[in-house]
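Residue numbers (our numbering): 66 to 158.
Yeah, the Cβ is synthetic: ideal placement off N, Cα and C, and Gly gets one too.
As the structure is a computational prediction, the values presented were derived from the model and not from experiment.
All remarks here apply to the structure that follows.
Okay, structure coming up:
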């Protein structure tokens, strides 16, 4: 589950229909968890999935192979690249 910087607990209030609450309670009970713990866990997992879907995406094997081939191609030599390669890393100074 994602961690937040603050350690203090904050309230999150939502309205739900009776049927929704009962469904959530039933699932939480099956897992031996409280309603709050269950809802927070599920909400955080879904939030992480949404955010990861924006950073990671699926491609077919052909597209991935073409992408890897582009990454494996050497960069064309330029003055900027030569300067970069001659520069010492900050931790080597």
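**Prompt:** Does the count of Cβ pairs from the segment 98–113 and the segment 76–90 closer than 8 Å reach three?
**Reply:** yes
**Request:** Would you mind giving the Cβ-Cβ distance between residue 108 and residue 100, rounded to the nearest angstrom? I have them listed as a contact below 8 Å.
**Result:** On the chain shown, residue 108 is found 43 positions in, with the first residue counted as 1. On the chain shown, residue 100 is found 35 positions in, with the first residue counted as 1. With 8 Å as the limit, residue 108 and residue 100 do not qualify as a contact, their Cβ atoms being about 12 Å apart.
**Under the three-state DSSP convention, the category residue 125 falls into** = The residue you call residue 125 lines up with position 60 of the chain shown. Looking at residue 125 - three-state DSSP - the assignment turns out to be coil, as it is neither helix nor strand.
**Asked** Where are the alpha helix (DSSP H) runs, 4 residues long or more, that stay fully inside the segment 80–117, in chain order?
**Response** 83–95
**Prompt:** Looking only at its own chain, which residues have a Cβ that is under 6 Å from the Cβ of residue 143, when we skip the five neighbours before and after it?
**Reply:** Taking the first residue of the chain shown as 1, we reach residue 143 at position 78. Closer than 6 Å at Cβ, skipping near neighbours: no residue.
**Message:** For a test of the three-state rule: what should DSSP assign to residue 154, helix, strand or coil?
**Reply:** Locating residue 154 in the chain shown gives position 89, where the first residue counts as 1. DSSP places residue 154 in coil when its eight states are reduced to three.
**Asked** Does DSSP put residue 134 in a helix, a strand or coil?
**Response** Start at 1 with the first residue of the chain shown, and residue 134 comes out as number 69. Helix, per DSSP.
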